[in-house]
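Visitor: From first to last, the protein sequence lines stand for chains A and B.
Numbering of the first sequence is given in my numbering, commencing with residue 5 and proceeding in unit increments.
Numbering of the second sequence is given in my numbering, commencing with residue 39 and proceeding in unit increments.
Even for Gly, the Cβ is constructed at its ideal location relative to N, Cα and C.
Keep in mind it's a predicted model, so treat the numbers as computed, not measured.
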Amino acid sequence: MKLVTAVIKPHKWEDVREALETFGVTGMTVSEVSGYGRQKGHTEVYRGAEYDIALVPKIRIEIVVDDGDAEDVVGIVVKTAQTGRIGDGKVWVSPVETVVRVRTGDRDAAAL
Amino acid sequence: MKLVTAVVKPHKWEDVRVALEAVGVTGMTVSEVNGYGRQKGHTEVYRGAEYDIALVPKVRIEIVVDDRDADTVVGAIVSSAQTSKIGDGKVWVVPVDSVVRVRTGERDDAAV
């Protein structure tokens with residue numbers, strides 16, 4: 005199995021969820037994170053004072069999938085999260101050795 | 039080394055921590071996340087209005103362990119987080135190439 009982790013723009017999360025559901029992804033973990041990439045944050049003016057916004061809010065999505073689905077899931081996330089503007093985020097894939105469903109103790113493919 | 043990640047019901051976290059301490063786990067990272075699995079969230083009524091709760095609050099636990107401890111740690115989490123009701127969560131294991139303790143610069147086994 006593979007762990008697909010995506011860090012995307014918060015307003016894109018609904019689009020990504022819908023697209024993944026259509027493909028057949030039945031679950032995921034979502035968290036609010038902050039980060040920056042090449043754009044190195046930006047400067048914002050709030051009530052006349054200038055603030056350096058180094059950390060931009062993002063949504064992190066984690067999905068454990070079958071090896072054969074990883075490429076499709078990455079493609080769907082990229083396509084739906086893309087705005088073409090800087091700060092669209094990143095998606096990466098890690099190998100997973102074991103997965104267990106806590107309720108039943110099912111392992112690996114049966115636990116997805 | 040292995041990274042064990044578990045997404046469990048928030049009210050089970052204390053039990054999991056106690057079970058992990060009993061098997062010798064000396065530290066972990068915990069975060070509040072949201073997620074859904076096969077149950078697809080559920081509908082809740084709040085002040086007369088019906089809300090679709092697509093994302094259920096969960097606690098994510100991350101632990102880096104020795105290769106030989108991974109199975110024990112997974113087992114301790116599964117048995118302590120289990121309620122046998124849907125939404126108990128998942129546990130997965132990912133290989134870790136290297137770990138460093140920031141304070142000392144120690145690496146790998148010495149840093150776990």
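Counting Cβ pairs closer than 8 Å, one from the stretch 60 to 71 of chain A and one from the stretch 104 to 116 of chain B, do we hit at least three?
Guide: Flag = no, the stretch 60 to 71 of chain A and the stretch 104 to 116 of chain B do not touch.
Visitor: Look at the alpha carbon of residue 100(A) and the alpha carbon of residue 50(A), and state the distance between them as a whole number of angstroms.
Guide: Distance between the alpha carbons of residue 100(A) and residue 50(A): 44 Å.
Visitor: Comparing alpha-carbon positions, which option in 102(B), 141(B), 146(B) and 128(B) lies nearest residue 46(B)?
Guide: Taking only the C-alpha atoms, the option nearest residue 46(B) is 128(B).
Visitor: If the cut-off is 9 Å on Cβ atoms, which residues from the stretch 115 to 146 of chain B count as contacting chain A, listed in chain order?
Guide: Per Cβ criterion, the list reads 115, 116, 117, 119, 120, 121, 122, 123, 124, 125, 126, 127, 128, 129, 130, 131, 132 and 133.
Visitor: Residue 115(A) and residue 103(A): beta carbons closer than 8 Å?
Guide: Yes, the Cβ-Cβ distance between residue 115(A) and residue 103(A) is below 8 Å.
Visitor: I want to see whether chain B comes within less than 8 Å of residue 77(A), judged by CB atoms only; does it?
Guide: Not one chain B Cβ lies under 8 Å of residue 77(A).
Visitor: For the 8 Å Cβ check, are there 3 or more pairs between the stretch 42 to 58 of chain B and the stretch 89 to 106 of chain B?
Guide: The stretch 42 to 58 of chain B vs the stretch 89 to 106 of chain B: in contact.
Visitor: Among 5(A), 78(A), 42(A) and 12(A), which residue has its Cα nearest to the Cα of residue 87(A)?
Guide: Checked all of 5(A), 78(A), 42(A) and 12(A); the closest Cα to residue 87(A) is 12(A).
Visitor: Where residue 72(B) and residue 77(A) are concerned, what is the direct C-alpha to C-alpha distance, given to the nearest angstrom?
Guide: Distance between the alpha carbons of residue 72(B) and residue 77(A) is about 19 Å.
Visitor: Starting from residue 63(A), follow its DSSP beta bridges and name the residues at the other end.
Guide: Paired residue(s): 12(A) and 36(A).
Visitor: Out of 145(B), 133(B), 44(B) and 114(B), state which residue places its alpha-carbon closest to the alpha-carbon of residue 70(B).
Guide: The shortest Cα separation from residue 70(B) among 145(B), 133(B), 44(B) and 114(B) belongs to 44(B).
Visitor: In the DSSP assignment, find the alpha helix (DSSP H) that holds residue 127(A) and state where it starts and stops.
Guide: Chain A is shown only over 5 to 116; residue 127(A) falls outside these bounds and no answer can be derived.
Visitor: Classify residue 70(B) as helix, strand or coil using the three-state DSSP reduction.
Guide: Three-state DSSP puts residue 70(B) in a strand.
Visitor: Which partner residues does residue 98(A) have in the DSSP bridge list?
Guide: Its beta-bridge partners are 7(A).
Visitor: Buried or exposed for residue 70(A), going by 16 or more other Cβ atoms inside 10 Å?
Guide: Under this definition residue 70(A) is an exposed residue.
Visitor: Quick one: is residue 98(A) near chain B, going by C-beta distance under 8 Å?
Guide: Chain B, which has a Cβ nearer than 8 Å to the Cβ of residue 98(A), makes this yes.
Visitor: Show which residues of chain B have a CB atom less than 9 Å away from the CB atom of residue 115(A).
Guide: Under the 9 Å cutoff, chain B gives 128, 129 and 130.
Visitor: According to DSSP, simplified to helix, strand and coil, what is residue 113(B)?
Guide: In this structure, residue 113(B) counts as helix in the three-state DSSP scheme.
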